[in-house]
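*Asks:* Mind having a look at this structure? Questions to follow.
In structure tokens form, the structure reads like this:
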């Protein structure tokens, strides 16, 4: 029986909202960056606290949860983009999104250009049982975002962390030692000529070469003991002055002649097949590479340069052009952030994506349990060590409740990549966004590195080319004169 009311239907005893009462939430996210469901039965994560499985997509489950929790229907229009720049171009060309998940630098660029809506005060209310984000965000990530500012405002005012990680080298321990892989100087090591791949990405590779250029300085005890170590490291690793960019270009030209390739995805396969000995990689992709190699009984390892590493953090932000002062859409957008921050959903997304969530939820315990489920030592395993992860989960590395008993090899493998030690995290720096002038400078540099750089051609080569051209022209003139008088 169907009873028609002004804005609701009662169908089979259930109240259903009419189409006019449906909130449309437009979300855009990076490709394959959320659980799409459809797990097989053998993919069940069987934690002691209960099984976790992704039967439906995260988006579909959110729509059901929102109605059950708030008695309002929401329809998500979900789309994906390839790169941060693709997303930015779509927005500037007029595409409407309410909620997007850019990388740190692009989110900061959007803050700088006044494109975002700040997260509401209600979103940070810890007394609300549905505010999973603020109750579960890692103390380390919260401090990072609270202490990073754009235009004098906290990064965390506009962005809620989603996934995070660092960069380092996946390496073949039969060919490269941990010491050799744990420094940016591996890029200058002739021993590994044409055996290393680096990123075909101006930001990531520029950070790597800055680490190489400043290796001796930032790894010195004198520098590390500075009272302003954090801010000075951040300054050095974000230096885009003309002088530094010019020097970086020369170093990258030299590196280009020695590496196996510049790549985005092929480095993972090249490591697994043994084509290269080391691959400059994002931590989550490093875990994927190690997992794939392990299936063939081929064991790779992961190292973070001793000098420093790039710490990146993707986060959810709301766009003014989409929200348009709609309290309903903003509530739905913030509810979506909270839904994906619920511990069971965090685990689903981590399993599907392969990266580390910004959520630690120590009071819930399931995310830590999932880390143990993945990387805890077996009962009969030898060479077991304690691996503290309290620094990420509670802000205290000495927290005995957050120590994973694991195999010694995991201190250089997947667990280390996903949850680096406190010592590693303390030498990480976020790479900030570039303004238009800096972007233009960096793009020119990158074109010169990746393409043919006319400025790098020695003058004697130009003289030779000019001489050849003159000889050709002279020969052409002589032939024409001869033909004229014959």
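Residue numbers (the numbering used here): -15 to 470.
Beta carbons: idealized from backbone N, C-alpha and C, even for Gly.
Would you mind listing the alpha helix (DSSP H) stretches within the stretch 326 to 398 that are 4+ residues and don't spill past its ends, in chain order?
*Replies:* Correct list: 327 to 337, 350 to 359 and 374 to 377.
*Asks:* Roughly how many angstroms lie between the CA atoms of residue 73 and residue 151, to the nearest whole one?
*Replies:* Distance between the alpha carbons of residue 73 and residue 151 is about 26 angstroms.
*Asks:* With residue 210 as the anchor, note down where its alpha helix (DSSP H) starts and where it stops.
*Replies:* No alpha helix (DSSP H) holds residue 210; DSSP gives it neither H nor E.
*Asks:* What separation, rounded to the nearest whole angstrom, lies between the Cα atoms of residue 340 and residue 311?
*Replies:* Going by the C-alpha atoms only, they are around 31 angstroms apart.
*Asks:* Mind checking whether residue 80 and residue 299 have CB atoms under 7 angstroms apart?
*Replies:* Result no, Cβ atoms of residue 80 and residue 299 do not sit closer than 7 angstroms.
*Asks:* Under 8 angstroms, with one C-beta from each stretch per pair, do the stretch 355 to 368 and the stretch 117 to 135 reach the 3-pair mark?
*Replies:* They do not touch, by the three-pair rule.
*Asks:* Would residue 100 and residue 94 qualify as a contact pair, given that the criterion is a beta-carbon distance under 7 angstroms?
*Replies:* Closer than 7 angstroms, so yes.
*Asks:* Using a 10 Å radius around the Cβ and a threshold of 16 neighbouring Cβ atoms, would you call residue 441 buried or exposed?
*Replies:* Residue placement at residue 441 is poorly supported in this model, since its pLDDT is 49, which falls under 50; the coordinates still yield a value, given next. Exposed, because fewer than 16 other Cβ atoms sit within 10 Å of the Cβ of residue 441.
*Asks:* Short of 8 angstroms in beta carbon distance, which residues of its chain neighbour residue 438, apart from the five on each side in sequence? Order them along the chain.
*Replies:* No answer about residue 438 holds up, because its pLDDT of 48 lies below 50 and its placement is not dependable.
*Asks:* Between the C-alpha atoms of residue 389 and residue 395, what's the straight-line distance to the nearest angstrom?
*Replies:* Cα to Cα, residue 389 sits roughly 11 angstroms from residue 395.
*Asks:* One question on the structure: do residue 472 and residue 327 come within less than 7 angstroms of each other, judged by their Cβ atoms?
*Replies:* Summary: the structure shown does not reach residue 472, with the chain confined to residues -15 through 470, and so no result is reported for it.
*Asks:* With burial defined as no fewer than 16 other Cβ atoms inside 10 Å of the residue's Cβ, what is the status of residue 424: buried or exposed?
*Replies:* Exposed, by the Cβ-count rule.
*Asks:* Measure the CB-CB distance between residue 82 and residue 10 and report whether it falls below 7 angstroms.
*Replies:* It is a contact, given that the beta carbons lie within the stated cut-off.
*Asks:* Straight-line CA distance for residue 13 to residue 317?
*Replies:* One C-alpha to the other measures close to 13 angstroms.
*Asks:* Roughly how many angstroms separate the alpha carbons of residue 265 and residue 406, rounded to a whole number?
*Replies:* When rounded, the distance between both Cα atoms is 20 angstroms.
*Asks:* The beta strand (DSSP E) spanning residue 296 covers which residue range?
*Replies:* Where residue 296 is concerned, the enclosing beta strand (DSSP E) stretches over 296 to 303.
*Asks:* Roughly how many whole angstroms lie between the Cα atoms of residue 248 and residue 184?
*Replies:* One C-alpha to the other measures close to 6 angstroms.
*Asks:* So, at 8 angstroms on beta carbons, what are the nonlocal neighbours of residue 521 in its own chain, with the 5 sequence-adjacent residues on each side left out?
*Replies:* Residue 521 lies beyond the stretch modelled for the chain, which goes from -15 to 470, so this question has no answer here.
*Asks:* Determine whether the Cβ of residue 164 lies closer than 7 angstroms to any Cβ atom of chain B.
*Replies:* Included in the structure is just one protein chain, with no chain B present.
*Asks:* Secondary structure at residue 225, three-state DSSP: helix, strand or coil?
*Replies:* Residue state, collapsed to three classes: coil.
*Asks:* Can you round the beta-carbon distance between residue 435 and residue 145 to whole angstroms, since I take them to be within the 8 angstroms contact cut?
*Replies:* Actually they do not touch by this definition, with Cβ atoms about 36 angstroms apart.
*Asks:* In chain order, what residues of the same chain have a beta carbon less than 7 angstroms from the beta carbon of residue -3, not counting five sequence neighbours either side?
*Replies:* Since pLDDT at residue -3 reaches only 46, below the 50 mark, its modelled position is unreliable, and no value is offered.
*Asks:* Can you tell me whether DSSP reads residue 18 as helix, strand or coil?
*Replies:* Three-state result, residue 18: coil.
*Asks:* Which whole-angstrom value is the C-beta distance of residue 413 and residue 294, which I expect to be below 8 angstroms?
*Replies:* Indeed they touch by this definition, with Cβ atoms about 7 angstroms apart.
*Asks:* So what's residue 415 in DSSP terms, helix, strand or just coil?
*Replies:* DSSP places residue 415 in coil when its eight states are reduced to three.
*Asks:* Provide the residue span of the alpha helix (DSSP H) that contains residue 430, from first to last.
*Replies:* Here the alpha helix (DSSP H) through residue 430 covers 420 to 434.
*Asks:* Taking the continuous beta strand (DSSP E) assigned at residue 170, which residues delimit it?
*Replies:* Counting along the chain, residue 170 falls outside any beta strand (DSSP E), and DSSP gives it neither H nor E.
*Asks:* Check for me: the alpha helix (DSSP H) holding residue 324 runs from which residue to which?
*Replies:* 311 to 324 is the extent of the alpha helix (DSSP H) around residue 324.
*Asks:* Using CA atoms only, rank isn't needed, just tell me which of 403, 392, 107 and 194 is closest to residue 124.
*Replies:* Closest option to residue 124, Cα to Cα, is 403.
*Asks:* May I ask you to list the residues that DSSP assigns as paired with residue 92?
*Replies:* Its beta-bridge partners do not exist; DSSP assigns none.
*Asks:* Buried or exposed: which applies to residue 178, given that a residue is buried once 16 or more other Cβ atoms fall within 10 Å of its Cβ?
*Replies:* The residue is exposed, with fewer than 16 neighbouring Cβ atoms inside 10 Å.
*Asks:* State whether the stretch 168 to 182 contacts the stretch 247 to 261, with contact taken as three or more CB pairs (one from each stretch) at a distance under 8 angstroms.
*Replies:* Flag = yes, the stretch 168 to 182 and the stretch 247 to 261 touch.
*Asks:* Quick one: using the 10 Å Cβ neighbour count with 16 as the cut-off for buried, is residue 452 buried or exposed?
*Replies:* It counts as exposed.
*Asks:* Locate the beta strand (DSSP E) running through residue 151, then write down its first and last residues.
*Replies:* Note, residue 151: beta strand (DSSP E), 151 to 155.
*Asks:* Which word fits residue 122, buried or exposed, when buried means at least 16 other C-beta atoms lie within 10 angstroms of its C-beta?
*Replies:* So residue 122 ends up on the buried side.
*Asks:* Quick one: residues in its chain with C-beta nearer than 7 angstroms to the C-beta of residue 242, no 5 flanking neighbours on either side, listed in chain order?
*Replies:* Answer for residue 242: 177 and 178, listed in chain order.
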